[in-house]
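Comments concern the structure below.
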Ligand SMILES: Cc1cc2nc3c(=O)[nH]c(=O)nc-3n(C[C@H](O)[C@H](O)[C@H](O)COP(=O)(O)OP(=O)(O)OC[C@H]3O[C@@H](n4cnc5c(N)ncnc54)[C@H](O)[C@@H]3O)c2cc1C
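Residue numbers (my numbering): 1 to 430.
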């Protein structure tokens, strides 16, 4: 155990003791800013890492921020499809967490939160340590709903049928499966019904795999089996790319809801249609809020997503727990994206700093989103939107006339997409 962690856990234990004595609440100093308030952030992805940094920045470094994250480094899902396409490496999508600790004084604990006692304001880590909090930001991303597709969990455990829907070791493993596939083989991806993480992500992935096949295995095919009736994002643009750049290589079939997989035959079964056998199967099950949110009773929308008060992202099920990122029940037209999670992170940080400081919170927060999709190694299409809080309806709605979508794939947007990635990684982590 390193020195920083030992001290943190010592402090956390002391704080928990204070908590039981009823002294855990934060006192105000003469500036009206909180003194010794602690924000605990669960999950160091796009939402959590941003919230951690911005609570420190917006509180003028007065609020203590502890970030619990099991990963050694931040591995980005955005751009991870390019690792499958072969134009980028895992190192290109990996950023250390040291920026958050060194530049911003966020205390990082490499662990998992195992349970949350919302009444006592204490989180229990997998290692057994307790951490007291005044405010908790819960940003655990998604959990894959294995049970919705029979046999999938085992197939994943055997390393046979992968998802790679959380970037990391599986991304590299799926790339190896594609490399090992013979020319003339079939890659099939199944897509669950919306909402799921990153609406255009599976279609971008199909383009990336096709781009690799076109260069290295031109007799191979890509089959997209979508539970939705039609392409859920940038549909006309993706379809044009498949029909033109990947003519005869990519096939799209809507309304294909996967129900089971069979590792012996490497095939997938559907509610209605015939089974499909493929050389590389990439089966994406339905998704819900990260496991810790579900286990803590915070996924109170259909036992799947977490309802929040959109003004400050506070859970409707527990006071002082604010849920952000992919785990939340979305407002109309709000995508489950990294850019959106980063936007949530800033709104929640501002609201928490205001609440802990006794200030009025911003009554009209705004969110933005841009989602770039690489259709090959260089050409990109985007969709963008701006979302405003509408007080009368207590929700976010897109601002009329804001945002838009590309006219066609182009290299200039390829440059913009790279700048977006570098900028958001710096904004989230540096
Ligand atoms: C292939 C692909 C491509 C994508 N492309 C784009 C794109 O181009 N643009 C875009 O904006 N979005 C994109 N996305 C979507 C984006 O990755 C997600 O929307 C974003 O990661 C959500 O952020 P989050 O903070 O909610 O979750 P995450 O970024 O997944 O972070 C969750 C973190 O919580 C941690 N965690 C989970 N449980 C616990 C626990 N109990 N204790 C402690 N830590 C825990 C996890 O280790 C993880 O680090 C893409 C996604 C995929 C899969």
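For glycine and all other residues, C-beta sits at the position ideal for the given N, C-alpha and C.
- Residue 141 sits close to residue 326, with the two beta carbons spaced by under 9 Å.
- Put simply, the backbone Cα of residue 121 is about 15 Å away from that of residue 64.
- By the neighbour-count criterion, in which a residue is buried when 16 or more other Cβ atoms sit within 10 angstroms of its Cβ, residue 305 is buried.
- Residue 162 is classed as buried because its beta carbon has at least 16 other beta carbons within 10 Å across all chains shown.
- For residue 347, the closest alpha carbon among the candidates 53, 195, 38 is that of 53.
- Taking residue 427 as the centre and dropping the five residues before and after it, the same chain places no C-beta closer than 6 Å to its C-beta.
- Residue 329 is classed as buried because its beta carbon has at least 16 other beta carbons within 10 Å across all chains shown.
- Per the Cβ contact rule, the segment 357–374 is in contact with the segment 412–421 (3 or more Cβ pairs under 8 Å).
- If you compare the alpha carbons of 87, 69, 37, 36 with that of residue 376, the shortest gap goes to 87.
- Annotation: residue 111 is outside any alpha helix (DSSP H) and is labelled neither H nor E by DSSP.
- Under the three-state reduction of DSSP output, residue 77 falls in the coil class, being neither helix nor strand.
- The Cβ atoms of residue 260 and residue 151 lie closer than 9 Å to each other.
- Going by beta carbons, residue 290 and residue 139 fall inside the 9 Å limit.
- Annotation for residue 237: 381 place their beta carbon closer than 6 Å to its own, counting only its chain and skipping 5 residues before and after.
- For residue 207, the enclosing alpha helix (DSSP H) has its first and last residue at 201–216.
- A contact between stretches requires three or more CB pairs, one per stretch, nearer than 8 Å, and the segment 301–319 meets this requirement with the segment 358–366.
- Ligand 1 never approaches residue 306 closely enough for any of its heavy atoms to be under 8 Å from the residue's Cβ.
- Cβ contact annotation for residue 160 (same chain, cutoff 7 Å, sequence separation greater than five): 263, in chain order.
- In the three-state DSSP reduction, residue 238 falls in the helix class (H, G or I).
- Comparing C-alpha distances from residue 96 to each of 75, 354, 406, 111 shows the shortest one belongs to 75.
- Judged by DSSP in its simplified three-state form, residue 338 adopts helix.
- Under DSSP, residue 388 takes part in a beta bridge, and its partners are 366, 397.
- Here residue 177 has 162, 280 as same chain residues with Cβ atoms under 8 Å from its own Cβ, once five neighbours each way along the sequence are excluded.
- The beta-bridge partner set that DSSP reports for residue 280 consists of 187.
- When distances are taken from the beta-carbon of residue 175 to the heavy atoms of ligand 1, even the shortest one reaches 8 Å or more.
- Per DSSP, residue 361 lies in no beta strand (DSSP E) and is assigned neither H nor E.
- Residue side-chain check: residue 373 places its Cβ nearer than 8 Å to a non-hydrogen atom of ligand 1.
- Residue 194 and residue 253 have their C-alpha atoms spaced approximately 16 Å apart.
- Taking the Cβ atoms as the reference, residue 282 lies roughly 12 Å from residue 149, outside the contact range of under 8 Å.
- A distance below 9 Å separates the beta carbons of residue 115 and residue 124.
- The continuous stretches of beta strand (DSSP E) do not include residue 121, and DSSP gives it neither H nor E.
- In this structure, residue 139 has its CB closer than 8 Å to one or more heavy atoms of ligand 1.
- Non-local C-beta neighbours of residue 333 in its own chain, meaning closer than 8 Å and more than five positions away in sequence, comprise 385, 387, 397, 398, ordered along the chain.
- By the criterion of a C-beta distance shorter than 6 Å, residue 153 is surrounded in its chain by 146, once the five residues flanking it on both sides are discounted.
- Sequence-distant partners of residue 156 (beyond 5 residues in either direction) whose C-beta falls short of 8 Å from its own C-beta, in its chain, are 146, 162, 163.
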